[in-house]
Amino acid sequence: MKQKAYIYRSFERFWHWMQALSIFFLAATGFEIHGSFTFFGYQNAVKYHNVAAYTFIILIVFAIFWHFTTGEWKQYLPTTKHLKAQINFYLIGIFQNAPHPTKKTVLSKLNPLQKLTYLGLKILVIPTMVISGLLYMFYRYPQKGTIEGLNIGTIEVIALFHTAAAFLLMAFVIVHLYLITTGATITSNLKAMITGYEELEAHEAPENEDLKNEKNEVEV
Amino acid sequence: MKKIVIPLVLIGLVILSAISFLTSKNTEVTKLAVLKEQFDKKNVQHVDHTQFAELKKKFTSPQQVTEACIVCHNGRAQEIMQSNHWNWERAEYVKGRGIVYLGKRNAINNFCIGTEGNEMSCAKCHVGYGMSNSKTFNYNDESNIDCLVCHDNSETYAKAQEKGGAPDPNIDLTNIAQHVGKPKRTNCGVCHFFGGGGNNVKHGDLEKSMFEPAKSVDVHMGTDGMNLQCVDCHKTENHMISGKMYSLSSMNRNRALCEDCHTESPHDDAILNKHTLKVACQTCHIPIYAKVNATKIAWDWSTAGKLKDGKPYEEDDAEGNHTFLSIKGNFTWGKNLKPDYVWFNGTAGHYLLGDKVADTTKPLVLNPLYGSYNDVDSKIIPVKIHRAKQPFDPVNKILIQPKLYAEKVGEGALWKDFNWETASEVGMKDVNLPFSGKISFIKTEMYWPVNHMVSSKENTVKCSECHTRENSRLAGLNDFYMPARDFSPVIETAGKAVLLFSFLLVLAHGGFRIFSSRKMKKKG
């Protein structure tokens, strides 16, 4: 039996879409700065990239706060349970209309592969982007009479880390965009991230009190 | 309702702050406005020299004028006698050589090569009279100081050709003596625009169009703009003039820098200001030089001496520039040139008369400019590179200082006799250097920093002219990483491969899903 569940709360959706926007814009301006193509004009690309970077960082700060205060961070704890089944699903089951091996619930929205991927993004790729990006922004050339230890000879290493992480993030985006279509129906994942609601298999677990409250408020 | 309002408000805030960040205008009084106000003041002559009895007499020799000047301006002659304009040399520390006296007396260039033995002609640009030989010239005789070449404000003073620095005999010395003042562009330009034997031969950014330049030629000196004079930037105290050319200088001192007025952070944009640590102002603000008249970019001495029917001849290009002269050889000219770029820390080396040349397979750089990315004093500067083929003694392995100028045929001068052997023999004897009798021609280069013909800020070099994969202006400077120009081939290839792989994977997976769902529908 299916039942409509509120799985993505308003902040989460706002965060997701702002992040999506930021990443696309950062990629467009960033790869122009990298010399891959010309679109905004170099000076504009640099200017916009820096503004977007600050926006993105502010967003991340809010998101981190949200993850910890709501306990949502636990969603990303990696697990090997059903991991193999999930891989098998993407490799075989999906072509045979087999059901998803892991049940999506409000308390466990992510399948084991998603958990791993998002955890990787959150603790590896995004921090690499942000740290190398900040270093890039605040890089200053070695100068005379300053503390030797603060002088980084060249921006090259910083730039290479930033570029490598950018390629990984882009690869994630490509796969992520495709996997949207692998929900219960082709559009169910997308709809869920827009409206917050998704039809889920009925679940015995008691509903989260917070969610209940929010839902009630909204209905008022 | 709340569900929609909160995100909308948040998105609105982000957009508003982005807009305000991007459009913030600097409302402070800019440094530039302060400078404009400062340099807008007209130079007022405080003294009327026509009123002085001392200057009312009839002058019959230029030395009499100098003596009259010194009567009031006492002590000034000593200042001149300390200067390189007078001594044609100054003490310089040169890397690998120690302290040397360096100047027109002993350095070699790849234009007219050197002054030694040719003083009667070259001394037209000496601030003195009667220099027929730089070794025997009396540097202590103050009456031979040519005050007028720099201080004539009547614009009628002129030096004679080939008279060792003496003025043209037809000028009115009395009138000129009564109309003296602060040097103007004409005073400096009469020598500095014509160095090397013609207009714009040497510098490329200093030539006769700079007497009265348009703002489009030079944003500072433009007569339709701020109309600055040379000495406004080349600030002078006690006849010590700031700024010098590294054809004859070696040390990082007494430079006239843009930053002296504009500071090191003149831009509103922090990223542009960061560039000033490694990039000299001129690099972006002088996108092209030789904007009005062509400058000499190559000089081949090896064809000099060639005659037609036993007579010297010349060939000109469509614009009237000499492309061949029997006395000097072949020339190449260039106009509206993009500079070359080098790292420069303010120090330079020099080829001096008699230096052995070990390697003649690659061009000999007569004044190597030192610097590199890793050197904290270095900045990227624009330069004109002048290339030449000049006479060389392959046995003694030294550049030849030929005797070029003489008054008469038969004294061995190339410009009269058109014979390299005798010109080299006499020339090398003049400078007390050995000559084997053999002459070959080797390639040489000189680096001339480009500092003038500054464009308006709308016409500066665009970011993407350097920050680009293809044809970057800085393509030749490879000792540092520059965004957009540089990348790691490994990361680039791996990154693109990952993207392509992801894309193909998604396509294949998606395609197979469509295919299998159709098959199942058929079955079902």
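Heads up: the sequence lines are chains A and B, in that order. For the first sequence, numbering that gives the first Met the number 0 begins at 0 and goes up steadily by one. For the second sequence, numbering that gives the first Met the number 0 begins at 0 and goes up steadily by one. Glycine is no exception: its CB is placed at the ideal position from the N, C-alpha and C atoms.
Proximity winner among B:H385, B:I326, B:T360, relative to D339 of chain B (alpha-carbon distances): Taking the second sequence and counting its residues from 1, the one referred to as residue 339 of chain B is at position 340. The shortest C-alpha separation from D339 of chain B is found at B:H385.
Supposed close pair S501 of chain B, A170 of chain A - CB separation, criterion 8 Å: If you number the second sequence from 1, residue 501 of chain B lands on position 502. If you number the first sequence from 1, residue 170 of chain A lands on position 171. Rounded, the Cβ-Cβ distance is 4 Å, consistent with contact.
Minimum Cβ-Cβ distance from K3 of chain A to chain B less than 8 Å: On the first sequence, position 4 is the one that residue 3 of chain A refers to. With 8 Å as the cut-off, K3 of chain A does not count as an interface residue toward chain B.
Start-to-end residues for the beta strand (DSSP E) that takes in P390 of chain B: As a first step, residue 390 of chain B is located in the second sequence; it is residue number 391 there, counting from the start. From DSSP, the beta strand (DSSP E) with P390 of chain B extends over 378–392.
The region 240–253 of chain B touching the region 434–449 of chain B, judged by at least three CB pairs closer than 8 Å: Look at the beta carbons and you see the region 240–253 of chain B touching the region 434–449 of chain B: at least three pairs across the two are nearer than 8 Å.
Below-8 Å beta-carbon distance, V45 of chain A vs any chain B residue: The residue given as residue 45 of chain A occupies position 46 in the first sequence. By this cut-off, V45 of chain A is an interface position.
In DSSP terms, what N329 of chain B is bridged to: Residue numbering aside, residue 329 of chain B sits at position 330 when the second sequence is read from its first letter. Bridge partners of N329 of chain B: B:D299, B:F323.
Endpoints, alpha helix (DSSP H) assigned at K307 of chain B: Taking the first residue of the second sequence as 1, we reach residue 307 of chain B at position 308. Counting along the chain, K307 of chain B falls outside any alpha helix (DSSP H), and DSSP gives it neither H nor E.
Cβ-based neighbour list, A164 of chain A, same chain, cut-off 6 Å, excluding 5 preceding and 5 following: Translated into positions along the first sequence, residue 164 of chain A becomes position 165. Listed in chain order, the non-local C-beta contacts of A164 of chain A below 6 Å within the same chain comprise V124, T127, M128, local neighbours out to five positions each way being set aside.
Interface flag, V341 of chain B vs chain A, CB-CB below 8 Å: By 1-based counting over the second sequence, the position of residue 341 of chain B is 342. Taking Cβ atoms only, chain A never reaches closer than 8 Å to V341 of chain B, which makes this a no.
Contacting residues, own chain, Cβ-Cβ under 6 Å from E66 of chain B (five flanking each side not counted): Position 67 of the second sequence holds residue 66 of chain B. Only S142 meet the Cβ criterion.
Identity of the residue in A:L76, A:W72, A:K102 nearest Q85 of chain A by Cα: As a working note, residue 85 of chain A is residue 86 in the first sequence. Restricting attention to A:L76, A:W72, A:K102, the CA atom closest to the CA of Q85 of chain A is found in A:K102.
CB contact check: T127 of chain A to chain B, cutoff 8 Å: Here residue 127 of chain A is taken as the residue at index 128 of the first sequence, counted from 1. Not an interface residue.
Rounded separation between N366 of chain B and G102 of chain B - CA only: Within the second sequence, residue 366 of chain B is the residue found at index 367, counting from 1. Within the second sequence, residue 102 of chain B is the residue found at index 103, counting from 1. The alpha-carbon atoms of N366 of chain B and G102 of chain B are separated by roughly 12 Å.
Helix, strand or coil at P286 of chain B according to DSSP, with G and I counted as helix: For the purposes of this step, residue 286 of chain B is taken as residue 287 along the second sequence, with counting starting at 1. Of the three classes helix, strand and coil, the one that applies to P286 of chain B here is coil, per DSSP.
4 or more residues per run - each alpha helix (DSSP H) lying fully within the region 105–129 of chain B: When DSSP assignments are scanned along the region 105–129 of chain B, the uninterrupted stretches of alpha helix (DSSP H) that are 4 or more residues long and fall wholly within it turn out to be 118–121.
Residue from A:A52, A:T116, A:Q42 whose Cα sits closest to the Cα of H137 of chain A: Residue numbering aside, residue 137 of chain A sits at position 138 when the first sequence is read from its first letter. One point to set straight first is that residue 137 of chain A is Phe, not His, in the sequence displayed. Taking F137 of chain A as reference, the option from A:A52, A:T116, A:Q42 with the minimal CA-CA separation is A:A52.
Complete runs of the beta strand (DSSP E) confined to the region 64–90 of chain A [at least 3 residues]: If we require 3 residues or more, the region 64–90 of chain A turns out to have no beta strand (DSSP E) run fully inside it.
Alpha-carbon to alpha-carbon, K388 of chain B and N335 of chain B: On the second sequence, residue 335 of chain B is found 336 positions in, with the first residue counted as 1. On the second sequence, residue 388 of chain B is found 389 positions in, with the first residue counted as 1. Cα-Cα distance, rounded: 24 Å.
Limits of the alpha helix (DSSP H) - the one that R89 of chain B falls within: By 1-based counting over the second sequence, the position of residue 89 of chain B is 90. Per DSSP, R89 of chain B belongs to no alpha helix (DSSP H); it is in the beta strand (DSSP E), 89–93.
Beta-bridge pairing of A67 of chain B - partner residues as DSSP gives them: By one-based count along the second sequence, residue 67 of chain B stands at place 68. According to DSSP, which records beta bridges pairwise, A67 of chain B is partnered with nothing at all.
Endpoints, alpha helix (DSSP H) assigned at D429 of chain B: Within the second sequence, residue 429 of chain B is the residue found at index 430, counting from 1. Where D429 of chain B is concerned, the enclosing alpha helix (DSSP H) stretches over 419–429.
Chain B within 8 Å of P141 of chain A, Cβ atoms only: Your numbering for residue 141 of chain A matches position 142 in the first sequence. Nearest CB-CB separation between P141 of chain A and chain B: below the 8 Å threshold.
Under 7 Å from the C-beta of C462 of chain B: neighbouring residues of chain A: Your numbering for residue 462 of chain B matches position 463 in the second sequence. Contact of C462 of chain B with chain A by beta-carbon distance below 7 Å involves Y41, Q42.
Where the beta strand (DSSP E) containing H2 of chain A begins and where it ends: The residue given as residue 2 of chain A occupies position 3 in the first sequence. The amino acid at residue 2 of chain A is misidentified as His; the sequence shows Gln. In the DSSP assignment, Q2 of chain A falls within the beta strand (DSSP E) that extends over 1–5.
Straight-line gap, C257 of chain B to L503 of chain B (C-alpha atoms, nearest Å): Taking the second sequence and counting its residues from 1, the one referred to as residue 257 of chain B is at position 258. Taking the second sequence and counting its residues from 1, the one referred to as residue 503 of chain B is at position 504. C257 of chain B and L503 of chain B: Cα-Cα distance of roughly 55 Å.
At least three beta-carbon pairs within less than 8 Å, the region 462–482 of chain B to the region 298–313 of chain B: With fewer than three CB-CB distances shorter than 8 Å, the region 462–482 of chain B does not count as touching the region 298–313 of chain B.
Residue range of the unbroken alpha helix (DSSP H) whose run includes D223 of chain B: Sequence index remark: in the second sequence, residue 223 of chain B carries index 224 (1-based). In the DSSP annotation of this structure, D223 of chain B is not part of any alpha helix (DSSP H), being labelled neither H nor E.
Residues from the region 247–278 of chain B in contact with chain A, defined by Cβ distance under 9 Å: Flagged, chain order: D268, I270, L271, K273, L276, K277.
Residue range of the alpha helix (DSSP H) that includes G97 of chain B: Here residue 97 of chain B refers to the residue found at position 98 of the second sequence. That residue, G97 of chain B, is in no alpha helix (DSSP H); its beta strand (DSSP E) goes 97–101.
Length of the line joining the Cα atoms of D308 of chain B and N320 of chain B: For the purposes of this step, residue 308 of chain B is taken as the residue at position 309 of the second sequence. For the purposes of this step, residue 320 of chain B is taken as the residue at position 321 of the second sequence. Each residue's alpha carbon lies about 23 Å from the other.
Chain B contact for G132 of chain A (CB, 8 Å cutoff): Sequence index remark: in the first sequence, residue 132 of chain A carries index 133 (1-based). Taking Cβ atoms only, chain B never reaches closer than 8 Å to G132 of chain A, which makes this a no.
Integer Cβ distance of K437 of chain B from V394 of chain B, believed to fall under 8 Å: Residue 437 of chain B sits at position 438 when you count from the first residue of the second sequence. Residue 394 of chain B sits at position 395 when you count from the first residue of the second sequence. Yes, K437 of chain B and V394 of chain B are in contact; Cβ-Cβ is about 5 Å, under 8 Å.
Residues near G116 of chain B in its chain [Cβ-Cβ closer than 6 Å; skip 5 each side]: Walking along the second sequence from the start, residue 116 of chain B turns up at place 117. Correct list, in chain order: K402, G426, D429.
Element boundaries [beta strand (DSSP E), containing D339 of chain B]: The sequence position of residue 339 of chain B within the second sequence is 340, counting from 1. Here the beta strand (DSSP E) through D339 of chain B covers 339–343.
Contacts that L159 of chain A makes with chain B (C-beta to C-beta distance below 7 Å): Indexing the first sequence from 1 puts residue 159 of chain A at position 160. Those are S487, I490, listed as they occur along chain B.
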